[in-house]
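Presented below is the structure to which this report refers.
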Amino acid sequence: MSAVCAAGAGTAAEAVRQAAVAPARGSVLEVATLATYRRDAIEAGLGERAGYIGRPRCDVTLSQVSYATIGVRGEPATASAMLLLPGGPDCSESHGLLGWAQGTRMQRDVTQAGDLLAAGDSPLMTFYAAQGVAVVATDYLGLGRSDYPFHPYLHAESEASAIVDALRAARSVAAEAGTALSGKVLLAGYSQGGHAAMAAQRTIERDHAAEFTLAGTAPMSGPYALERTFVDGWSGTGPAGPNSLATALFAYTVVAMQRVYGNIYASPAAVFRPPFDATVEGLMPGSRDIFDLLRQGALPPGAEMARLRQDGFTRAFDDPQFPFRQALARNDLLDWTPRAPMVLCGAGRDAVVPFANAVTARRIFTARGAAVELLDMDGRIPPDLDGVSVHTSAAVYLCFGATRDRLLALAR
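Mapped onto our numbering, the consecutive letters of the sequence shown carry residue numbers 205 to 616.
Right, here's the structure in full:
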């Protein structure tokens, strides 16, 4: 025990030493302006969507920003983010700033700025930036252009610090570009991003309330009750039915928690059956997205969890003191009371992240006096759509629209 404590103390001391010589958190390390999208071109690209999204008011400049942040032990790290700055003759007012948290991504080197540049379109541009709200979207630790050696998937504190430092970097770049910001900050995200956005609100209100004027948040379809989410979906089938992504999400979470806490397994073979034990760590993250991993057989389908997971690990999860259960519980997000208005959004038939997460969060938070609204998109989704597609396609777009006007009103 003393050796373990000494090692932990040494790690902490080294993190403090590194932090003393590192750039300040949120410092801008590099900015690349990638494109400017004119309002008329954005509107032309909307087509039939214009009636739902609304006519754009602003031109939008797309940049990729690298910035200084911290790792899971407080050590210096870097991350990248997409930055969208509104501008143009009809968009000269000061702008609110949205910190966006992306959903689960398993491709190591892909960036959100690169995605938008390749597609020429993004909901963040059409729903927010073209309507006059600046957007900064972190790629998180260990993804995009980050120098961090791993992605701490669903680790609440480092999700939050990546977002907080992205907001700081965005303010600096906007000032340098001559883009006036109002000082009002919004937070939003979907899926993993819902978890991250809620974690960021908790951190800002706990640690940085004097620095950020948080006007409102929209954490959408996130696993806020993380331990309960895994308990209910441990077999690969949850309250809303089978989750074809379950094996990949389980593997990503286990590998990440091992890298963060170091006590989940002694070797991958303690968790994963052959041949997956030999390759799984290199996939989390790697060169392929979640759908390709499953389609190409790098992981078994969600319905075949028993092919992936060792029986002993499956049985051990029944114990609430099991290290993996404890790691999940440490990253639950229901132990605080939001101060800024919060809008939760999801769908009752979501088979990836059960809607019970949002229902439970609202019940707990409102009982403590918080202002929390809950939106269920089920009634607007075709009844024959499977529960995974509800999460990955239908609900995300509907929640974007349902929460956008509420957030824009709070940012005014």
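Using N, Cα and C, we set each Cβ at its ideal position, and we do this for glycine too.
Using 8 Å as the limit for Cβ to Cβ distance, is residue i near chain D?
{"i": "Y601", "result": "No chain D is part of this structure, which consists of one protein chain only."}
Would you list the one or two residues that DSSP bridges to residue i?
{"i": "L579", "result": "C549"}
{"i": "R259", "result": "In DSSP, R259 forms no bridge with anything."}
{"i": "Q311", "result": "G490"}
{"i": "R513", "result": "F476"}
{"i": "Q268", "result": "A236, M286"}
{"i": "A422", "result": "A392"}
{"i": "G445", "result": "G442"}
Of all the options the options, which has the alpha carbon lying nearest to the alpha carbon of residue i?
{"i": "M509", "options": "D263, G442, A236", "result": "G442"}
{"i": "S593", "options": "S448, S365, S386, A429", "result": "S448"}
{"i": "R243", "options": "A413, V269, P290", "result": "P290"}
{"i": "A334", "options": "V276, Q268, A254", "result": "A254"}
{"i": "A565", "options": "L579, R553, V556", "result": "L579"}
{"i": "L487", "options": "Q514, G466, I468, T457", "result": "T457"}
{"i": "W438", "options": "V556, G552, A281, S326", "result": "V556"}
{"i": "D554", "options": "P586, V576, A533", "result": "P586"}
{"i": "A338", "options": "R519, T518, A378, A571", "result": "A378"}
{"i": "A283", "options": "V368, D325, T483", "result": "V368"}
{"i": "Q311", "options": "T265, S425, S350", "result": "S350"}
{"i": "T607", "options": "L532, M424, A533, L320", "result": "M424"}
{"i": "F416", "options": "P479, L385, Q396", "result": "L385"}
{"i": "G397", "options": "L612, A615, G251, F604", "result": "F604"}
{"i": "G318", "options": "H299, G292, G303, L288", "result": "L288"}
{"i": "D343", "options": "Q514, V269, G251, A452", "result": "V269"}
{"i": "T483", "options": "I468, A374, P504", "result": "P504"}
So, helix, strand or coil for residue i, using DSSP?
{"i": "A414", "result": "coil"}
{"i": "S206", "result": "At S206, the pLDDT of 38 sits below 50, so the modelled position is not reliable; the number obtained from the coordinates is stated separately. Helix at S206."}
{"i": "A341", "result": "strand"}
{"i": "I274", "result": "strand"}
{"i": "P227", "result": "coil"}
{"i": "Y241", "result": "strand"}
{"i": "G249", "result": "helix"}
{"i": "A211", "result": "Reliability of the predicted coordinates at A211 is poor, the pLDDT of 47 falling under 50, and no value is obtained from them."}
{"i": "Q335", "result": "helix"}
{"i": "A562", "result": "helix"}
{"i": "P586", "result": "coil"}
{"i": "P542", "result": "coil"}
{"i": "A615", "result": "helix"}
{"i": "A599", "result": "helix"}
{"i": "G466", "result": "coil"}
{"i": "R499", "result": "helix"}
{"i": "R608", "result": "helix"}
{"i": "L453", "result": "helix"}
{"i": "A404", "result": "helix"}
Given that a residue counts as buried once 16 or more other Cβ atoms are within 10 Å of its Cβ, and exposed if not, what is residue i?
{"i": "Q306", "result": "buried"}
{"i": "R584", "result": "exposed"}
{"i": "T541", "result": "exposed"}
{"i": "A210", "result": "Below a pLDDT of 50, predicted positions are generally treated as unreliable, and A210, at 45, falls in that range; the measurement from the model is reported next regardless. Answer is exposed; the Cβ neighbour count stays below 16."}
{"i": "Y197", "result": "It is not possible to answer for residue 197, since the shown part of the chain is limited to 205 through 616."}
{"i": "E297", "result": "exposed"}
{"i": "A228", "result": "exposed"}
{"i": "Q165", "result": "Since the displayed the chain opens at 205 and closes at 616, residue 165 lies outside it and no answer follows."}
{"i": "G552", "result": "buried"}
{"i": "F495", "result": "exposed"}
{"i": "D363", "result": "Checking the sequence, you will find Glu at residue 363 rather than Asp. Buried: at least 16 other Cβ atoms inside 10 Å."}
{"i": "S471", "result": "exposed"}
{"i": "P353", "result": "exposed"}
{"i": "S267", "result": "buried"}
{"i": "V600", "result": "buried"}
{"i": "Q500", "result": "exposed"}
Report the residue ranges of all beta strand (DSSP E) runs contained in full by the region 371 to 397; include only those spanning at least 3 residues, in chain order. 385 to 394
Completely contained beta strand (DSSP E) runs for the region 281 to 330, where each covers 3 or more residues: 299 to 305
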